[in-house]
Amino acid sequence: MRDFRIAPSLLSADFACLGQEVRDVIAAGADIIHFDVMDNHYVPNLTVGPLVCEAIRPHTQAPIDVHLMVKPVDSLVPMFAKAGADIITFHPEGSEHIDRTLGLIKECGCKAGLVFNPATPLSYLDHVMDKIDMVLIMSVNPGFGGQSFIPHALEKVRAARQRIDEYTAKHGGEIWLEVDGGVKVDNIAAVAAAGADTFVAGSAIYGQPDYQAVIAAMRAELAKVA
Ligand code: DX5
Ligand code: ZN
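Here you go:
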């Protein structure tokens, strides 16, 4: 069985008590904290910056997965690295120089990844696989939590899985395949069967009173996937 990782998105947490929300979700069995950064420019919403990342950092040892929905990207990279990010992903449309931005993230000591909107082609991966630690497939258009999963994202997950497997078979290394948007207990197994190993879930987890029960139900679904 593949290693499966569950990454609750803080976007649906109670922002009045983020530290507690971070601790609670990790205690409930989550693996990673997904941190959504929106700039009201690249996406039509505004969320949180490096100060908030720094504020939650002491509340967990779990990796913080910073998803930058911003344009431009580069100036924020060192700030998030300093604020304790472990993984930084960005959308290729947000950067004029994708290779340079990936290199900058690595130089700052973080894992780097590219994020693909529903209409963004995977061909952006063609020349940068050597700098990629994570591929993030969006199964909604970015900007808001609580949207419905777009079913054709599954095809893209399969295509990304194939690219990653071909690359790692030849060159080694490890590249995580994450899916973000509308992931719930009732579709997580299908997303895993398509090839994902890391699952962002915002409203599905933080929208329920018992985080542990939701995460356990997700793991039970994942256990059914060969
Ligand atoms: C969407 C964000 C997601 C979002 C997921 O723009 O990148 O991380 O918070 O929320 P759910 O799981 O509710 O779709
Ligand atoms: Zn996200």
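Using my numbering, read the sequence shown as starting at 174 and increasing by one per residue. Just so you know, even glycine gets a beta-carbon here, dropped at the ideal spot from N, CA and C.
With a threshold of 7 Å (Cβ to nearest heavy atom), would residue i be considered close to the ligand DX5?
i	result
residue 209	yes
residue 225	no
residue 315	yes
residue 182	yes
residue 242	yes
residue 195	no
residue 286	no
residue 222	no
residue 296	no
residue 198	no
residue 330	no
residue 267	no
residue 358	no
residue 320	yes
Can you tell me whether residue i is helix, strand or coil according to DSSP?
i	result
residue 232	helix
residue 312	coil
residue 202	coil
residue 301	coil
residue 387	helix
residue 197	helix
residue 285	strand
residue 292	coil
residue 208	strand
residue 399	coil
residue 401	No information on residue 401 is available, as it lies outside the stretch 174 to 399 that the chain covers here.
Let me check you understand the geometry: is the CB of residue i closer than 7 Å to at least one non-hydrogen atom of the ligand ZN?
i	result
residue 376	no
residue 204	no
residue 373	yes
residue 353	yes
Can you give the Cα-Cα distance for residue i and residue j, rounded to whole angstroms?
i	j	result
residue 287	residue 367	19 Å
residue 289	residue 259	20 Å
residue 256	residue 231	10 Å
residue 334	residue 202	25 Å
residue 235	residue 180	10 Å
residue 302	residue 340	8 Å
residue 379	residue 269	35 Å
residue 214	residue 237	23 Å
residue 354	residue 360	11 Å
residue 349	residue 371	7 Å
Please check if any C-beta of chain E sits within less than 8 Å of the C-beta of residue i.
i	result
residue 286	The structure shown contains no chain E; it holds only a single protein chain.
Cβ of residue i within 7 Å of any heavy atom in the ligand HEM?
i	result
residue 185	Of the ligands this structure carries, namely the ligand DX5 and the ligand ZN, none is the ligand HEM.
Counting only runs that start and end within the region 315-382, where is the alpha helix (DSSP H) found for 4 or more residues in a row? 326-344, 361-366, 376-379
Contained beta strand (DSSP E) runs [length at least 3] in the region 217-283, N- to C-terminal order: 237-242, 260-263
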